[in-house]
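Just so you know, the protein sequences line up as chains S and A, in that order.
FYI, the numbering for the first sequence is 4 to 63, going by our numbering.
FYI, the numbering for the second sequence is 433 to 675, going by our numbering.
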Amino acid sequence: MAEFFDMGGYAAYIWPAYGIAAGVIACLFIWSWRGLKKAEQAEAALGKRPRRRSARVERA
Amino acid sequence: MHRFANPARFLRLSRAIQPWILAVTVPCLLAGLYLGLVESPIDYQQKDTVRIMYVHVPAAWMAMFGYSSLAIASAIGLIWKHPLADLAGKAAAPIGAGFTIIALATGSLWGKPTWGTWWVWDARLTSVVVLLFLYLGYMALWNAFEQPQRAARAASILALVGIVNLPIIKFSVDWWNTLHQPASISRIGTPAIDPAMLRPLLLMGVAYLGLFLLLLLLRMRVELAERRVMALQLARSRDGEPS
């Protein structure tokens with residue numbers, strides 16, 4: 004097991020490479036997921052108020 | 433008309449295909465990681481550092497794939513004024529930039545033990561840095577305009593101009609004498625790589641593609657939701673209410 008983690012002496016290069024790949028992809032998912040939740044909450048808050056006109060918008 | 437019909441249809445479609453992408457991505461990722469880190473042989477020159485290939489090369493593929501999608505979406509947005517295409521481009525940019533960062537960072541970690549340097553300004557590496565700046569420039573242009581239509585137009589034009597960089601990245605290793613090695617997979621004839629290494633590489637390639645597509649669908653949902661919020665705020669301000 005220790006031999007596996009040692010990666011033939013190149014652990015200091017291989018594990019950071021896998022870590023960066025996983026980290027960047029995870030960050031993209033978390034950031035996007037938070038953005039979705041935030042936008043949906045804002046939409047719900049705006050939609051709940053009374054006297055809302057239809058959401059149709061003419062081309063600005 | 434299609435302006436409102438399409439997002440609804442897109443959201444339905446995206447919900448329908450998401451589980452299928454996930455069903456392909458997860459097994460490929462697990463198998464690719466296992467074969468790449470455990471089963472695959474070491475390189476006779478590079479020893480274990482060759483395992484960096486399995487996270488590096490697919491990231492570079494996705495960086496190029498992402499930019500191609502961005503450029504196609506931009507062309508469709510410019511020519512047919514398709515609003516969903518503009519949003520697809522906007523959604524793809526940060527993902528492509530992320531994979532470009534992975535390719536650059538893992539390449540640097542691979543370069544140190546094999547080339548003896550973290551970084552060298554050779555044609556391949558420099559053209560990939562240019563790719564990253566194209567992504568960042570595209571994202572900056574989207575944020576530089578008040579009106580989404582004008583932002584989409586400016587960003588799309590940049591995206592189309594930047595296409596020139598794609599063949600430069602691809603052929604840089606053939607045109608110039610670079611430290612970066614030339615292509616091993618897509619060369620004419622048989623790939624110059626052992627099947628025991630090719631298998632995890634291709635599995636990781638499919639897994640990265642799946643992750644890219646899942647992120648793209650998710651980001652498009654974010655963009656659509658943000659656009660609905662903007663439309664609601666606009667409608668509200670027209671009604672004379674404070675938003």
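Positions of the beta carbon are idealized from the N, C-alpha and C atoms, including for glycine.
Presumed contact (8 Å Cβ cut-off) between Leu569 (chain A) and Leu592 (chain A), rounded CB distance: The question names Leu, but residue 569 (chain A) is Gly in the sequence shown. Going by Cβ atoms, the distance from Gly569 (chain A) to Leu592 (chain A) rounds to 13 Å, so no, they are not a contact pair.
C-beta atoms of Tyr499 (chain A) and Leu566 (chain A) nearer than 8 Å: yes
Chain A residues whose Cβ lies nearer than 7 Å to that of Ala24 (chain S): Val487, Ala491, Ile534 and Thr538
Continuous alpha helix (DSSP H) stretch holding Leu536 (chain A): start and end: Pro515 to Trp547
Unbroken alpha helix (DSSP H) run spanning Val605 (chain A), endpoints: Asn597 to Trp607 is the span of the alpha helix (DSSP H), which, as asked, contains Val605 (chain A).
Interface flag, Pro599 (chain A) vs chain S, CB-CB below 8 Å: no
Within the stretch 555-583 of chain A, ranges of the alpha helix (DSSP H) (whole runs, at least 4 residues): The qualifying runs are 555-576.
Where Arg55 (chain S) falls: helix, strand or coil (DSSP): Only weak support is given to the placement of Arg55 (chain S): the predicted model assigns it a pLDDT of 47, under 50, and the question is left unresolved by the model.
Interface residues of chain A facing Phe32 (chain S) [CB-CB closer than 9 Å]: Leu643, Leu646, Leu647 and Leu650
Below-8 Å beta-carbon distance, Trp542 (chain A) vs any chain S residue: yes
Through-space distance from Asn438 (chain A) to Asn558 (chain A), alpha-carbon basis: It is worth fixing the name first, because residue 558 (chain A) is Thr in this sequence and not Asn. Approximately 39 Å between the Cα atoms of the pair.
Supposed contact pair Ala25 (chain S) and Ala657 (chain A) - C-beta distance, whole angstroms, cut 8 Å: Ala657 (chain A) to Ala25 (chain S), Cβ: 27 Å. No contact.
Reduced DSSP secondary structure (H/G/I, E/B, other) of Asp475 (chain A): strand
Cα-Cα separation, Gly528 (chain A) to Pro490 (chain A): The alpha-carbon atoms of Gly528 (chain A) and Pro490 (chain A) are separated by roughly 12 Å.
Proximity test, Cβ basis, 8 Å: Ile484 (chain A) and chain S: yes
Under 7 Å from the C-beta of Gly464 (chain A): neighbouring residues of chain S: Here the premise fails: no neighbours, minimum Cβ distance about 11 Å.
Close-in-space but distant-in-sequence residues of the same chain around Ser506 (chain A) (CB under 6 Å, 5 per side omitted): Taking C-beta separations shorter than 6 Å and ignoring five residues to either side along the sequence, the partners of Ser506 (chain A) in its chain run Gly521, Ser588, Ala591 and Leu592, following chain order.
Cut-off 6 Å between Cβ atoms - residues of its own chain near Met571 (chain A), not counting five sequence neighbours on either side: Cβ neighbours of Met571 (chain A) beyond the five flanking positions: Ala525.
Phe644 (chain A) classed as buried or exposed, judged by whether at least 16 other C-beta atoms fall within 10 angstroms: Around the beta carbon of Phe644 (chain A), a 10 Å sphere encloses 16 or more other beta carbons of the protein chains shown; the residue is thus reported as buried.
Trp550 (chain A), buried or exposed, once every other Cβ within 10 Å from all chains shown has been counted against 16: exposed
For Gln581 (chain A), the nearest candidate out of A:Asp671, A:Lys513, A:Arg631 and A:Trp542 (CA to CA): A:Lys513
Identity of the residue in A:Arg444, A:Val470, A:Ser501 and A:Ile534 nearest Gly594 (chain A) by Cα: A:Ser501
Helix, strand or coil at Trp551 (chain A) [DSSP, three-state]: coil
Interface flag, Ala5 (chain S) vs chain A, CB-CB below 8 Å: no
Minimum Cβ-Cβ distance from Pro439 (chain A) to chain S less than 8 Å: No, because no Cβ of chain S sits closer than 8 Å to the Cβ of Pro439 (chain A).
Exposure of Ala20 (chain S), with buried meaning 16 or more beta-carbon neighbours within 10 Å: buried
Start and end residues, alpha helix (DSSP H) containing Leu611 (chain A): From DSSP, Leu611 (chain A) is part of no alpha helix (DSSP H); its letter is neither H nor E.
Interface flag, Glu677 (chain A) vs chain S, CB-CB below 8 Å: Outside the shown range of chain A (433 to 675) lies residue 677 (chain A), about which nothing can therefore be said.
Candidates A:Leu666, A:Leu649, A:Arg631 and A:Val654: closest to Leu461 (chain A) by CA position: A:Arg631
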